[in-house]
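K.L.:
Residue numbers (our numbering): -9 to 90.
(1) Pull the bridge partners of residue 17 from the DSSP assignment, please.
(2) Roughly how many angstroms separate the alpha carbons of residue 59 and residue 30, rounded to a whole number?
(3) Give me the Cα-Cα distance between residue 4 and residue 67, rounded to the nearest whole angstrom.
(4) Taking Cβ to Cβ, would you say residue 94 is nearer than 7 Å to residue 39?
(5) Leaving out five residues on either side along the sequence, give the residues of the same chain with a beta carbon under 8 Å from the beta carbon of residue 53.
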């Protein structure tokens, strides 16, 4: 389980999660979309950030992770096997938040 591999992130969630230290922060990220990235994204959200994400490498994207994050309300622009054109579109979409 990815959470077990990330004790520092899990500790931050436990200590600071309820304090919402990142409330009001809009964070656009572009990194391999793996289970570990999913844990980090959920930690950022628990800390109060509004997060949108795209993948830096379509070959490493884990679609089940993307689907779980979308189900939890994260805007994800990534899927395994994107073309180069699709990847660039996804990265562009990441920076446009619904509220401006």
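Just so it is clear, CB atoms sit at the ideal spot from N, CA and C, and this is done for glycine as well.
None of the values given here were measured: they were computed from a predicted structure.
P.N.:
Short version:
(1) Per DSSP, 41.
(2) 11 Å
(3) 28 Å
(4) For the chain, the structure presents residues -9 to 90; residue 94 sits outside this window and is missing.
(5) 69, 70
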